[in-house]
Each structure stands twice: as structure tokens, then as C-alpha cells.
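Chains as they are written, first to last, in this note's numbering: chain A, 1 to 264; chain B, 1 to 353. Even glycine gets a Cβ: it sits at the ideal position worked out from N, Cα and C.
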Ligand SMILES: Nc1ncnc2c1ncn2[C@@H]1O[C@H](COP(=O)(O)OP(=O)(O)O)[C@@H](O)[C@H]1O
Ligand SMILES: [Mg+2]
């Protein structure tokens, strides 16, 4: 009897939560279909997808997202590994340093970047390439908390130090240890970090706004200010994108579980 | 000349000295154990041999070549860890073959060697399993095979059985010895378990607080411990406070009772202790032996062994006897006579640790 009662409540709360999440989404979705008066249609979506600026900004942000992920992994993976193996007492300090991007507002970061690199001797804002370097640097900093934590959790789930020593005693150098032993066991962690990074870059708008680059975030904000139905369609598209990302994380982690049946 | 030589090795971490003045020469094919309580520097010494730590001073030489500063991946030594440290992303076969792959050996050769090694540890049927699909004992056997696959010159094991349960530990201990004999590989085995060290080793290095206390065969260490520390750490021992009665006769007094303990001019006049192992003590009276009388304090049945504590003039003396049917131990509080041979005891003036 008692468990049944509990179950009823559990279902009640679950339904409530679902409603909280899905009713606004459903509302947005239905609204996005109402561009043509009187009928439901995908007109708004067509309008969005037909806009060359949308595709351009999408391509730009996706490229930046991939570059950010690559730079971020190349930077953080060896660093975190080094900290685990050589200076484990640095870990609390790293936890604090990597959380700083959450504490410092993006707007402050942007002004800092522009003030430092907007004039000689390190002027980078003159060319689009230089500005893109600044963008990447900014994105890497903004997404660092996610990437660092993903890698950190992955490293914590194995005995990095002993595995390293085992590989070394079998003849591996540092590079071989990192690529053949550590990285394969971090695949899921790095992948989920990468997808969160990518999604963040796709939605970021302040950095691009101030550095005047055609990013998806700025485009969406602009549309939101000037049109009615298209922003709703865009919101649904970006929801979809996020779900695809989450689906990919799920898919890849399942793949690894089949390979190794239990825990670690 | 010895194959592996550790000369005047000292290692300090910041202010603390982990290993001090360590000297040891190991012959080819010898099985050596480092035995001592936790924190005495066994692991640190082993890691200096493996190359994971650089000695603060002193040298490590292998076949006459100084490798004190050589990185671990250039030393060609096999290492087995307490936590197995198998690569979770590789199958059993891939784990065993990893060292050969790194060395750039051709695939045929790797496959053949992996087969051979899995055969050696009797785990051929498990070649495609991942480490987390194997039991602890199987994982450690695999780790052993992996370290041996590269044909190392020296095999190093750091408490390899400590994470396993008693029965598997015993099985694997015998297996390690069998494989070591079969391959004739020089081996250093770190343990805090005296039984493990004694049953496996040709020679045992007993350590305490970073210092070597004694290096000898198990039998010599047990019967002729170099210090009170060794005597107490290895097996059980009675260390009884005695007074010198007649130095010339070699007589000491425990309470009011005389004990013949052999020559002890070197200890003359100083407070001394009498050392005798519990299994040397017998019940009853024996002509020509040291005889003591006391009262039964407690009797403990440990299975095959019965431990009896006897109060001799206020000092507790411990006996260990086989639990035989004929054994007839009086009740607690009853008078009891015990004896032990003169040769079985010795005198020390060491401080109790
Ligand atoms: N990396 C290290 N940094 C500081 N102290 C250490 C380090 N490794 C070992 N020690 C110290 O050295 C001593 C010996 O340690 P260890 O060799 O691990 O002992 P054992 O293996 O015999 O238990 C201990 O006091 C330990 O705290
Ligand atoms: Mg140790």
C-alpha cells in the first residue's frame, strides 16, 4: 500500500516536471508554425533556412566550435594529465582557476581582450583572421570549466599514475602513454566535454557581438529583435541541435559499455 | 659479480629520509624480498630500482652498467603493482602484448609471445576478456604475464598479493615462485607479510625506518635475528627482563629463578633481556635444560596450535605447542612447569621498539 502511494506521488511530480519543461516548448513550437494566417505551416522554418546569413553564421559558429574543441583538448588534456601525475597537490588550485570563467562575466572578458589586443604591440583586431584568433581564445576560456571538469572526472575514474608507470615500465615514452593508454580510457569524458563546449560556442553571442563576427548567437539575437515567428523557429532548431548533441553523448557512451560490460 | 647492485642509496623527500645507506648485491636468478612494516621504505627502494624515483645519493647498476639516472622506459625491468594496473581499454591479450607493440615487434612475434605468456599463467581461454571481466587473481596473473612478456632482466613486485583474499593469495604465491624458477629471472618482491617473504625468497632483506636490519636466508633470519627488531618482527618471541646473576657461569635470573644463557661478557653489568621463541618452550621437567615454574595465566586454542601464557614470578612467558590429543594442560591458576634448551635462548640489551 505504502509503496503504491509513493509511486503515485512520484508519477505526479514527474508529470509536473514534464509539463513545466514541455508546455513552453510546445507553445513555442505551435507559435512557430503560425506564420501563415489561419493554417499551420513550416513557413517560418523555410524563411530561416532560406536566409543566407543564417547558413553563413551557422557555418561560422560550427567551424569556431570545432576549432575551440580542438584547442581546448590539446591544451587541457596534457595539462590535467601532468597535474595528476606530477603535481597532484595543484588540483585544488586548478579547480578554482578553471571556475573563474564562471565568475568573471563574459562582457568583462571581452573588454579585457579588446583593450589588450585592440592596439599595439599585440594588435589582433585589424584582420578577420586575427579577430578569429581572439574569438577562439575567448571561447576556450568560456568553455574551460566544462572541458576541465569533463577531463578531470575521466581521470579520476582511473588510477592515472599507476597506469602511467605500468606503461613506462613496459617501454612507453610520455607521448605513447598519453595517446595509447590515457586518451583511449578518456574517450567518453573528452567526447562529452567536447559536445558541451561545441553547444556553448553555438549559442554564445556577447563575444561575437563585440568583436563583430558573424556568429549564430548574434544572428539569432538580431532576428529576435526584428521578427516575430522566425525566432520561435530558430529556438526550436537550436533545441533540436542540443538534443542531437545529447543523443550523440548517449550513443558513444553506450558503445563503450558494450565493449566493457561493467564499471571500469 | 652480482647482476644488480644497489650502492649507498639514500633517498629523502623534503625533510624526511625514506631510505638510508642501502647496500645490496643481487645475483642472477635470485629471489629477494624486502620485508618490513609499512612506511619503512620498501616501495621507495623498489621504485628507485625501477627508475620511478631518482636516489638522492648512491647508484644502481645492472650488469655493470650504471642506470641511476636512466628513465624507467629504458631499463627493461618488469613491474607488478598491488592494484594490477592493467589497461582497461585493452583485452587480456592486448595487455600482455603491449610492451612488445611499443618496442615495434612484428605482429607474428607478438602473437606468438602473447600465446606463450598466457599459456604460462594458464589463461589462454581468457585472451579476449577485458580486465573488468576477470577476477582479482586472474588480473594479477595477467599483470605478471604482461611484465614478463618483454623478457625483462629483473622482475619487481610491490605487494602484488595484498589486494587478494587469503586462499587466492596462497595459490598465486606458489604460482609466482613456479614461474620465477622456470624463467630463472632475478626478482625483487616487496611485502610486509613475513610468511610470504619466507616462503618465496632465497634471501630476505628486513628493513625498518629506511635502514636495512638484516640480509640473510629465511632460516638464518628466524633462528639468528640480528636485532630485537628483527626477532620481534619475524614470528613471535618472548623478550623477558632478566638480571645478571653470575656472569662467568652465564647465569641470569628471571624473578627468583636461574636461567643458563651461555656467554655474555659483552653485556656484563647492563640490564639485559632474554629472547626465546614460544615454540622452543615445552611443558614438564627436562634434565640439562632451563627449567622454570609458574602458574597458568591463559590458554588459547588457535587450531593446530595452542598458546599458553605462564606467569613466572610476575613475568608472562608465552608457549606454543601442537594441539595433540595427549596434551594435558592444567586449568588457569594451576602451577605449571616449563623448560627450554640452553641453545634456544640468547641475551640482548636492545631497547624495546
Ligand atoms: N613521494 C613521496 N613524497 C614524500 N614522502 C614519501 C613519498 N614516497 C614515500 N614517502 C615516505 O617515505 C617513507 C617510506 O615510504 P614507502 O617506501 O612507501 O614505505 P613502504 O613501502 O615500506 O610502506 C614513508 O615515510 C613515506 O611517507
Ligand atoms: Mg609500500
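Can you list every residue whose CB sits closer than 6 Å to some heavy atom of ligand 1, going in chain order?
-> Shown in chain order are the residues whose CB sits closer than 6 Å to a heavy atom of ligand 1: B:13, B:16, B:18, B:36, B:38, B:39, B:40, B:41, B:42, B:43 and B:44.
Find out if the Cβ-Cβ distance for the pair residue 164 of chain B, residue 140 of chain B is shorter than 9 Å.
-> Yes, the Cβ-Cβ distance between residue 164 of chain B and residue 140 of chain B is below 9 Å.
Span of the beta strand (DSSP E) holding residue 355 of chain B?
-> Missing from the structure shown is residue 355 of chain B; chain B here goes from 1 to 353 and no further.
What's the C-alpha gap between residue 343 of chain B and residue 273 of chain B?
-> Per the coordinates, the alpha-carbon of residue 343 of chain B lies some 15 Å from the alpha-carbon of residue 273 of chain B.
Ignore the nearest five residues each way along the sequence and tell me which others in residue 233 of chain A's own chain have a CB closer than 6 Å to its CB.
-> So the list reads 32, 44, 45 and 48, once near-sequence residues are dropped.
Can you tell me which of B:168, B:161, B:160 and B:156 puts its alpha carbon nearest to the alpha carbon of residue 187 of chain B?
-> Nearest option by C-alpha distance: B:156.
Three or more C-beta pairs below 8 Å linking the region 70-79 of chain B and the region 142-161 of chain A = No contact exists between the region 70-79 of chain B and the region 142-161 of chain A.
Proximal residues, the region 138-170 of chain A versus chain B, C-beta separation under 7 Å | The residues in question are 158, 159, 162, 163, 165, 166, 168, 169 and 170.
Neighbour-count burial assignment, residue 11 of chain A, 16 or more Cβ in a 10 Å radius | That one is exposed.
Pick helix, strand or coil for residue 259 of chain B, following the three-state DSSP scheme.
-> Residue state, collapsed to three classes: strand.
What is the residue span of the alpha helix (DSSP H) that residue 40 of chain B lies within?
-> Where residue 40 of chain B is concerned, there is no enclosing alpha helix (DSSP H), given that its DSSP letter is neither H nor E.
With 16 other CB atoms within 10 Å as the buried threshold, where does residue 42 of chain B fall?
-> With 16 or more other Cβ atoms inside 10 Å of its own Cβ, residue 42 of chain B counts as buried.
Cα-Cα, which of B:12, B:218 and B:79 is closest to residue 143 of chain B?
-> Just measuring C-alpha positions, the residue of B:12, B:218 and B:79 sitting nearest residue 143 of chain B is B:79.
Tell me whether the beta-carbon of residue 6 of chain B lies closer than 9 Å to the beta-carbon of residue 18 of chain B.
-> No. Outside cutoff.
Distance between beta carbons of residue 27 of chain A and residue 201 of chain A, contact taken as under 8 Å | The C-beta distance from residue 201 of chain A to residue 27 of chain A rounds to 28 Å, too long to fall under 8 Å, and the pair is not in contact.
Cβ of residue 184 of chain A less than 9 Å from any chain B Cβ?
-> True, the Cβ-Cβ gap to chain B drops below 9 Å.
By the criterion of Cβ-Cβ separation under 9 Å, what are the contact partners of residue 172 of chain A in chain B?
-> At a C-beta separation below 9 Å, residue 172 of chain A has these neighbours in chain B: 73, 98, 99 and 102.
So which residues on chain B does residue 181 of chain A lean against when the C-beta distance must stay under 9 Å?
-> The CB of residue 181 of chain A comes closer than 9 Å to the CB of 87, 89, 90 and 98 in chain B, given here in chain order.
To the nearest angstrom, how far is it from the Cα of residue 91 of chain B to the Cα of residue 251 of chain A?
-> Distance between the alpha carbons of residue 91 of chain B and residue 251 of chain A: 22 Å.
Do you know how far the Cα of residue 214 of chain A is from the Cα of residue 222 of chain A?
-> C-alpha separation (whole angstroms): 11 Å.
Comparing the CB of residue 190 of chain B with every heavy atom of ligand 2, is any distance shorter than 8 Å?
-> Closer than 8 Å to some heavy atom of ligand 2: that describes the Cβ of residue 190 of chain B.
To the nearest angstrom, report how far apart residue 45 of chain B and residue 169 of chain A are at their CA atoms.
-> When rounded, the distance between both Cα atoms is 16 Å.
At 7 Å on the CB atoms, spell out the chain A contacts of residue 150 of chain B, in chain order.
-> 170 and 171, listed in chain order.
Does any C-beta atom of chain B lie closer than 9 Å to the C-beta of residue 260 of chain A?
-> Caution applies to residue 260 of chain A, whose pLDDT of 44 falls short of 50 and renders its modelled position unreliable; the model cannot decide the point.
Which chain A residues sit within Cβ distance under 9 Å of residue 117 of chain B?
-> At a beta-carbon threshold of 9 Å, none of the residues of chain A lie near residue 117 of chain B; the nearest stands roughly 13 Å away.
In this structure, does DSSP put residue 6 of chain A in helix, strand or coil?
-> Helix at residue 6 of chain A.
Interface positions of the region 36-51 of chain A facing chain B (Cβ-Cβ less than 8 Å), listed along the chain | Look at the region 36-51 of chain A: it has no residue with a C-beta under 8 Å from a C-beta of chain B.
Whose Cβ in chain A lies nearer than 7 Å to the Cβ of residue 303 of chain B?
-> The contacting residues do not exist; residue 303 of chain B stays about 37 Å from chain A at best.
By Cβ distance, which residues of its chain are closer than 7 Å to residue 215 of chain B, with the 5 residues on each side in sequence left out?
-> Cβ within range, chain order: 24, 203 and 205.
Presumed contact (8 Å Cβ cut-off) between residue 218 of chain B and residue 198 of chain B, rounded CB distance | Correct: roughly 4 Å between the Cβ atoms.
Should residue 158 of chain B be listed as close to ligand 2, given that the test is whether its C-beta is under 8 Å from any heavy atom?
-> The answer is yes for residue 158 of chain B.
Would you call the CB atoms of residue 87 of chain A and residue 161 of chain A closer than 9 Å?
-> For the pair residue 87 of chain A and residue 161 of chain A, the CB atoms are not nearer than the 9 Å cut-off.
Using a Cβ-Cβ cut-off of 6 Å (strictly less than) and excluding sequence neighbours within five positions of residue 352 of chain B, which residues of its own chain qualify?
-> A caution first: residue 352 of chain B carries a pLDDT of 44, below 50, which makes its placement in the model unreliable, though a value can still be read off. There are no such residues.
At a Cβ threshold of 9 Å, is residue 51 of chain B touching chain A?
-> With 9 Å as the cut-off, residue 51 of chain B counts as an interface residue toward chain A.
State the start and end residues of the unbroken alpha helix (DSSP H) segment that holds residue 107 of chain B.
-> Residues 107-120.
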